[in-house]
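Report on one structure; see the data block that follows.
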Amino acid sequence: MKQHSDFKPVSPEEWEKAWQDHWQEAEMDYELPKLSKKVRDERDFLTQTRTPEKEKQRIQRISKEFESAVKKLSKVGPAVTIFGSARFKPGDDNYELSRKTGEVFAKAGFSVLTGGGPGAMEAGNKGAFEAGGRSYGLNIILPKEQYPNPYVHKSIEFNYFFIRKVMLVKYSCAFIVMPGGLGTLDELFEAATLIQCKKIGPFPLILVGKEFWKGLRDFVGYMAGQGVFAPEEIGFSKIVDTPEEAVDLVLKSLPPDFHKILEKEKKKLRRNLKKIR
1 MKQHSDFKPV SPEEWEKAWQ DHWQEAEMDY ELPKLSKKVR DERDFLTQTR
51 TPEKEKQRIQ RISKEFESAV KKLSKVGPAV TIFGSARFKP GDDNYELSRK
101 TGEVFAKAGF SVLTGGGPGA MEAGNKGAFE AGGRSYGLNI ILPKEQYPNP
151 YVHKSIEFNY FFIRKVMLVK YSCAFIVMPG GLGTLDELFE AATLIQCKKI
201 GPFPLILVGK EFWKGLRDFV GYMAGQGVFA PEEIGFSKIV DTPEEAVDLV
251 LKSLPPDFHK ILEKEKKKLR RNLKKIR
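All residue numbers for the sequence shown refer to full-length UniProt numbering, where the first residue is 1 and numbers rise by one.
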């Protein structure tokens, strides 16, 4: 297994340098940069008034993508979504942790949904796929194309991030968060906010990897101390160390009748494995 280097705190100077480097590359250094055509087009768009006709066309594209995704996922069955970084490689500890997570949830009778790309997403799909479970990838179309990983039974493509997130939440009865970066944090807090505001669930939101998530736990505690949310709202997620702990928590959260559905799914899984062998 590949080991990652020890955590090194980011100094204020390093943070400032990273900020400046980022905006210089984006040609937005807050002075008067020379703009590429792409940046000019984006700026020009933001200064224009939207016409009803163009907005109507945009709404139609959004509606069409929603409709297509709902049709493709309508028969997904009991499912969990695994979030995590796209940057982990096969052989990394976190890749293997994600693969095992997909495996144990598939064996428990769940379909596994991910963002469909590489890293923890690929690993989660791979674990479910190789265990004989159902594996879905909800892939986002990016300027630097993200190719669907090969361990999905169905890949569904999205142009809009927000539609993809709706689908990853809509069809899942639990959210399993592996170590990840900004995209993973976005998905984590999207789910946490929906649960906090009672727009969904409550559904289990489980963070896997105690060492990785320690800093977040400490920061959330600090935020509560500043009064931005109530202390009792800190427990929006459970932090565990193993996939087995995660699946046990999800199973305990489900109503008794749901377990009958999972038993049917496990029978299908066993039949699938016999066919593979």
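Even for Gly, the Cβ is constructed at its ideal location relative to N, Cα and C.
Here the structure is a predicted model, which is why all the values come from computation and not from measurement.
- Around the beta carbon of residue 92, a 10 Å sphere encloses 16 or more other beta carbons of the protein chains shown; the residue is thus reported as buried.
- Within its own chain, the residues whose Cβ lies closer than 6 Å to the Cβ of residue 269, once the five positions on either side in sequence are excluded, are 132 and 133, listed in chain order.
- Here residue 155 carries a strand assignment [DSSP, helix/strand/coil].
- Per DSSP, the beta-bridge partners of residue 113 are 81 and 136.
- Linking residue 78 to residue 172 through their CA atoms gives a straight-line distance of about 7 Å.
- Secondary structure note for residue 206: its beta strand (DSSP E) is the uninterrupted segment 205–208.
- Contact annotation: residue 169 and residue 208 have beta-carbon atoms that are not nearer than 8 Å.
- A residue is called buried when at least 16 other Cβ atoms come within 10 angstroms of its Cβ; residue 137 meets this threshold and is buried.
- The beta carbon of residue 201 lies closer than 6 Å to those of 195 in the same chain, with the five residues before and after it left out.
- Cβ-Cβ separation between residue 151 and residue 135: approximately 6 Å, consistent with a contact (criterion under 8 Å).
- Residue state for residue 229 is assigned as coil, using DSSP reduced to three classes.
- Per DSSP, the unbroken alpha helix (DSSP H) holding residue 54 starts and ends at 52–73.
- Note that the stretch 96–114 touches the stretch 65–83; at least 3 beta-carbon pairs, one per stretch, sit closer than 8 Å.
- In the three-state reduction of the DSSP assignment, residue 200 falls in the coil class.
- Non-local beta-carbon contacts of residue 246 in its own chain, meaning distances under 7 Å to residues more than five positions away in sequence, involve 101, 176, 206, 208 and 240 in chain order.
- Under the 10 Å beta carbon count, residue 222 is surrounded by fewer than 16 other beta carbons and is classified as exposed.
- DSSP places residue 162 inside the alpha helix (DSSP H), whose first and last residues are 161–170.
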